[in-house]
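**Student:**
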DNA sequence: TGTTCTATCTTTTTT
DNA sequence: AGATAGAACA
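In my numbering, the protein residues as written are -12 to 750.
1) Where do the N-terminal and C-terminal ends of the alpha helix (DSSP H) with residue 50 fall, by residue?
2) Could you name the residues that DSSP lists as bridge partners for residue 266?
3) So what does DSSP say about residue 238, is it helix, strand or coil?
4) What is the DSSP secondary structure of residue 84, counted as helix, strand or coil?
5) Closest by CA to residue 103, which one among 358, 141, 189 and 388?
6) Rounded to the nearest angstrom, what separates residue 137 and residue 304 at their Cα positions?
7) What does DSSP give as the partner residue(s) for residue 625 in the beta ladder?
8) Return the CA-CA distance between residue 486 and residue 252, expressed in angstroms with no decimal places.
9) Since residue 120 contacts residue 85 with CB under 8 angstroms, what's their CB separation in whole angstroms?
10) Return the Cβ separation of residue 327 and residue 611 in integer angstroms, given the expectation that the two are a contact with Cβ distance under 8 angstroms.
11) Name the residue from 112, 115 and 320 whose alpha carbon lies nearest to the alpha carbon of residue 569.
12) Just reading off the alpha helix (DSSP H) that residue 313 is part of, what are its end residues?
13) Does residue 377 pass the burial test, meaning 16 or more other C-beta atoms within 10 Å, or should it be called exposed?
14) Starting from residue 150, trace the alpha helix (DSSP H) in both directions and tell me its first and last residue.
15) Looking at C-alpha atoms only, which residue of 420, 339 and 161 is the closest neighbour of residue 129?
16) In chain order, what residues of the same chain lie with their CB nearer than 8 angstroms to the CB of residue 167, ignoring the 5 residues before and after it?
17) Out of 272, 560, 171 and 519, which one is the CA nearest neighbour of residue 397?
18) Alpha carbon to alpha carbon, how far is residue -4 from residue 593?
19) Considering only residues of the region 380 to 458, which uninterrupted alpha helix (DSSP H) runs meet the minimum length of 4 residues and lie entirely inside it, listed in chain order?
20) Between residue 446 and residue 413, how many whole angstroms is the CB-CB distance? I'm expecting something under 8 angstroms.
21) Please give me, in chain order, every unbroken run of the alpha helix (DSSP H) with length at least 4 that falls completely inside the region 507 to 582.
22) Pick out whichever of 496, 498, 503 and 455 has its Cα sitting closest to the Cα of residue 482.
23) Below 8 angstroms, can you find three or more Cβ-Cβ pairs linking the region 279 to 290 to the region -6 to 8?
24) Enumerate in chain order the residues of its own chain whose CB-to-CB distance from residue 131 is below 6 angstroms, with the five nearest sequence positions on each side excluded.
25) Measuring straight from C-alpha to C-alpha, what distance separates residue 564 and residue 268?
26) Go ahead and label residue -11 buried or exposed: buried means 16 or more other beta carbons lie within 10 angstroms of its beta carbon, across all protein chains shown.
27) May I ask which residues mark the beginning and end of the alpha helix (DSSP H) holding residue 161?
28) With distances taken Cα to Cα, identify the nearest neighbour of residue 226 among 240, 207, 17 and 214.
29) Using the rule of at least 16 other Cβ atoms within 10 Å of the residue's Cβ for burial, across every protein chain shown, is residue 317 buried or exposed?
30) Please report the straight-line C-alpha distance between residue 552 and residue 598, rounded to a whole angstrom.
31) Beta-carbon within less than 8 angstroms of residue 186's beta-carbon, same chain only, minus the 5 sequence neighbours each way: which residues are those?
32) What first and last residue would you give for the beta strand (DSSP E) that runs through residue 182?
33) Is it right to say residue 279 is buried, meaning 16 or more other beta carbons lie within 10 angstroms of its own, or is it exposed?
34) By the DSSP assignment, the beta strand (DSSP E) with residue 344 in it spans what residues?
35) Can you tell which of 625, 623, 491 and 613 has the C-alpha that lies nearest to the C-alpha of residue 643?
36) Distance, Cα to Cα, residue 449 vs residue 216?
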């Protein structure tokens, strides 16, 4: 069996071990995915376990896809006749639970056609609840209530089982909101993310027959990234493992970075207590990185106290030292980054094997601008999402309402989009009526305007409009049965008048919105093609598409082989690896990210340190770290101190590059084709960079720049311009003497004020 | 009821 | 600095 030969001794032991609970402590880059996939393959090939008896759970679709691909690769040669890929349940926690709930949630009195509410849907519900209960949202901010509710649910409790540990008026009100929230969700046939796991747990607890079915079916369960499981996921696995306890978990407590999402590090630390017969395997040999990188990483993580004793080692070469760049400010940082990227490429490094990591999404912007200006291909993951755009969300809300008429969040969103004369006042009245009848909004419409009206009520002037809306929606619901989702989406855009309202509006934004809708339709078409090819028996449903949108992130769809440097937060980087890694913003407050007005919790700093550890260990060959001495936050300049994490790397692994006088000057001089930025204030930054004034006096500040263009005459509709931040664009409209609408490649249309941003004509 | 201006907040990280 | 949500206005 050559698939066994390729493993090292420790890995092989873990793969070959038979029944019972197994904990695999796998350091970064020690081949944990390899062990998992080989174990699955081994169970199927050697122990003749049927593929559909195995359940393997991950956190991201990307990890699931990779694991699936690798299992398939091993097995399709060995067992071509009996092995069917589609029998494998290798998926994320959330998709697996959705699959279970779609077939069985009716036992809990929920509709199997439930809708999944995302973050912003959840927030809308909470706001509505606060309003229902007459609670001021300034005292009880929807955001804090949201995170509290999620926290409770992630810990495995719902509004019935949760008891606040301390009483008090705040707690009472929180509980009332929580209860109302649960009520609204149920009435809307909607589940939030936490519910997907929690309701599955409830289903198993309350309907033993269903649990037993799954326990009998899944004779082996495996969990990847076990350190990131929260309590409700832990309960889920415990139920599924049942008495057989064929549970295999893989994880590394040093890479636990999702505490804020409810991950409970105790799950992995206490595994042997939960499963006393557990066998433990430690994988400590790293195959990924150079010695320098591994030793630096080990040193950093050793500053954490909450960890098992574990030492990562490698037989790889020593490799290059880690480069550290002190930068004058974030502009200089971006500049030095590009400089390093270009150097690396000239030395033969591959662009698609490079990644830039940062702590917060907001940091990406400057880097993007710089990469674009220099013509370096890049791909950015996370941050603002396509599906979050206004017009896309509106259209999706129609689709969601068609799929689930009880979905009140979607109802409210689109009942007056495009405007059809149902304003806030009418809607408010209508909402009260719905509460009176204790039903969802659309259900009430049905009761008033449906074939056999049960309810008569005076909706005033809006009555006619409500009626029109109802019949429109009914026509969609009827059409849904017989046409493809991609045709339905066209029908929605046309018949609601959404397209007309956008094309009547000749503004450039409307134009780009139309394009986004076309793109949305295209993504439905792609879904249909993909699903059709994968699984011809499965019907191409609207629900399937909506589900995919809810559960699949853009990282999952990204193409790792594209010739582009990858930009992402460190959280997104977990599980990935690159030859060259660049980490930005290694400054106190930013990374470790602590809010200066709150007391610093040691446990939080430890989590940040694990995050840094994850970031370092992504690098195969070369690591470059950056920090800035000044950084603009919310438009205000701040001094910065380099991160304590830098000091935790022994000097011998570092090669330090100081910021020189030119770092600052470069900000003016080396911005190709761009005018210099505003003059520096003489205030604080003089202290941060104690250079004599006249050293800077020669830097051409504003001279020259203002003569490049005079007023706005140079810009006409259709002329090409260059913006310091957004890059190349085309003027779509001149609003007045100062304001232009400019369309930028890949970023849609922005309103530009000439007073504040320096536009330059090109060509 | 719909539009435009202003004030406020943002930045942790995501299935 | 920029986006957004609410308030004042037409």
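Glycine is no exception: its CB is placed at the ideal position from the N, C-alpha and C atoms.
Values in this document were obtained by computation on a predicted structure and should not be read as measured data.
**Tutor:** This is what the structure gives:
1) Indexing the first chain from 1 puts residue 50 at position 63. Where residue 50 is concerned, the enclosing alpha helix (DSSP H) stretches over 48 to 65.
2) Walking along the first chain from the start, residue 266 turns up at place 279. Per DSSP, 9.
3) Taking the first chain and counting its residues from 1, the one referred to as residue 238 is at position 251. If DSSP states are grouped into helix, strand and coil, residue 238 belongs with the strands.
4) Reading the first chain from its first residue, position 97 is the one you call residue 84. Looking at residue 84 - three-state DSSP - the assignment turns out to be helix.
5) Here residue 103 refers to the residue found at position 116 of the first chain. The candidate whose alpha carbon is nearest that of residue 103 is 388.
6) The residue you call residue 137 lines up with position 150 of the first chain. The residue you call residue 304 lines up with position 317 of the first chain. Answer to the nearest angstrom: the Cα atoms are 45 angstroms apart.
7) Walking along the first chain from the start, residue 625 turns up at place 638. Note: residue 625 sits in a beta bridge opposite 618.
8) Position 499 of the first chain holds residue 486. Position 265 of the first chain holds residue 252. Each residue's Cα considered, the two are about 50 angstroms apart.
9) Counted from its first residue, the first chain places residue 120 at position 133. Counted from its first residue, the first chain places residue 85 at position 98. Between residue 85 and residue 120 the Cβ distance is about 30 angstroms, and since that is not below 8 angstroms, they are no contact.
10) Looking up residue 327 in the first chain gives position 340. Looking up residue 611 in the first chain gives position 624. The Cβ separation is near 6 angstroms, so the contact holds.
11) To locate residue 569, count along the first chain from 1; it is residue 582. Minimum Cα distance to residue 569 is reached at 320.
12) Here residue 313 refers to the residue found at position 326 of the first chain. Taken as a continuous stretch (DSSP letters only), residue 313 belongs to no alpha helix (DSSP H), being part of the beta strand (DSSP E) at 309 to 314.
13) Counting from one through the first chain, the residue named residue 377 turns up at place 390. Exposed.
14) On the first chain, position 163 is the one that residue 150 refers to. Careful: residue 150 lies outside any alpha helix (DSSP H) and carries neither H nor E.
15) Looking up residue 129 in the first chain gives position 142. Answer by Cα proximity: 161.
16) Here the question's residue 167 lines up with position 180 in the first chain. Hits under 8 angstroms: 116, 119 and 120.
17) Against the first chain, residue 397 aligns to sequence position 410. Minimum Cα distance to residue 397 is reached at 171.
18) By one-based count along the first chain, residue -4 stands at place 9. By one-based count along the first chain, residue 593 stands at place 606. Roughly 32 angstroms separates the two Cα atoms.
19) 395 to 401, 411 to 423 and 428 to 436
20) The sequence position of residue 446 within the first chain is 459, counting from 1. The sequence position of residue 413 within the first chain is 426, counting from 1. Indeed, because the Cβ distance is near 7 angstroms, the residues count as touching under 8 angstroms.
21) 529 to 538, 541 to 544 and 557 to 560
22) Numbered from its first residue, the first chain carries residue 482 at position 495. The option with the nearest alpha carbon to residue 482 is 455.
23) no
24) Walking along the first chain from the start, residue 131 turns up at place 144. Closer than 6 angstroms at the Cβ level, and outside the excluded window around residue 131, lies no residue.
25) Counting from 1 along the first chain, the entry for residue 564 is found at position 577. Counting from 1 along the first chain, the entry for residue 268 is found at position 281. Looking at the two C-alpha atoms, the distance is approximately 23 angstroms.
26) Here residue -11 is taken as the residue at index 2 of the first chain, counted from 1. By the 10 Å Cβ count, residue -11 comes out exposed.
27) Reading the first chain from its first residue, position 174 is the one you call residue 161. Start and end: 156 to 174.
28) As a position in the first chain, residue 226 is number 239, starting the count at 1. Answer by Cα proximity: 207.
29) For the purposes of this step, residue 317 is identified with residue 330 of the first chain, where counting begins at 1. With 16 or more other Cβ atoms within 10 Å, it is buried.
30) Looking up residue 552 in the first chain gives position 565. Looking up residue 598 in the first chain gives position 611. Looking at the two C-alpha atoms, the distance is approximately 21 angstroms.
31) The residue you call residue 186 lines up with position 199 of the first chain. Excluding positions up to five away in sequence, the list reads 84, 88, 92, 95, 97 and 178.
32) Looking up residue 182 in the first chain gives position 195. No beta strand (DSSP E) holds residue 182; the alpha helix (DSSP H) holding it covers 180 to 193.
33) Position 292 of the first chain, counted from the start, is the residue given in the question as residue 279. The residue in question, residue 279, is buried, as its Cβ has 16 or more Cβ neighbours within 10 Å.
34) To locate residue 344, count along the first chain from 1; it is residue 357. Here the beta strand (DSSP E) through residue 344 covers 341 to 345.
35) As a first step, residue 643 must be located in the first chain, where it is residue number 656. With distances taken between Cα atoms, residue 643 lies closest to 613.
36) Position 462 of the first chain holds residue 449. Position 229 of the first chain holds residue 216. Residue 449 and residue 216: Cα-Cα distance of roughly 49 angstroms.
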